[in-house]
Amino acid sequence: MNLKMRLKDEWRLGLSEGFDQGRAEGKAEGRDETMLSLIHTLQIQGQTQKQIVETLALMQKSSLAEAQRYYDQLTEAASGGEH
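Add 27 to the 1-based position in the sequence shown for this note's numbering, that's all there is to it.
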């Protein structure tokens with residue numbers, strides 16, 4: 028395979044990897060926005076932080092500790108780090 032063909036293949040691979048990474052980041056961003064919206068809705072309904080974290084753990088099929096970290100991360104980012 029000549030150099031030009033190898034460069035073209037590497038370029039295509041780079042584009043593909045970049046696209047996949049961008050799509051994964053977009054999904055994560057969308058999920059975070061949805062979960063933050065859920066948190067706000069549950070807060071408006073009067074649920075406590077503990078109840079909200081339990082709901083997140085159930086939805087994400089994760090531990091309470093993981094859900095708490097996720098809750099903290101989302102709410103801190105939403106408040107501009109003033110938490």
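Beta carbons are placed, not taken as given, at the ideal position from N, Cα and C, and that holds for glycine.
- Positions of the alpha helix (DSSP H) runs, each at least 4 residues long and wholly inside the stretch 35-88, are given as 76-87 in order along the chain.
- The residues Ala-84, Gln-87, in chain order, have a CB closer than 8 angstroms to that of Glu-93 in the same chain once the five nearest residues on each side in sequence are set aside.
- Residue environment: Ile-79 is assigned as buried (16 or more neighbouring CB atoms within 10 Å of its CB, all protein chains considered).
- In terms of Cβ geometry, Thr-102 and Ile-66 form a close pair [threshold 8 angstroms].
- Here the alpha carbons of Trp-38 and Arg-58 stand approximately 30 angstroms from one another.
- When the beta-carbon positions are compared, Leu-69 and Thr-61 stay at least 8 angstroms from each other.
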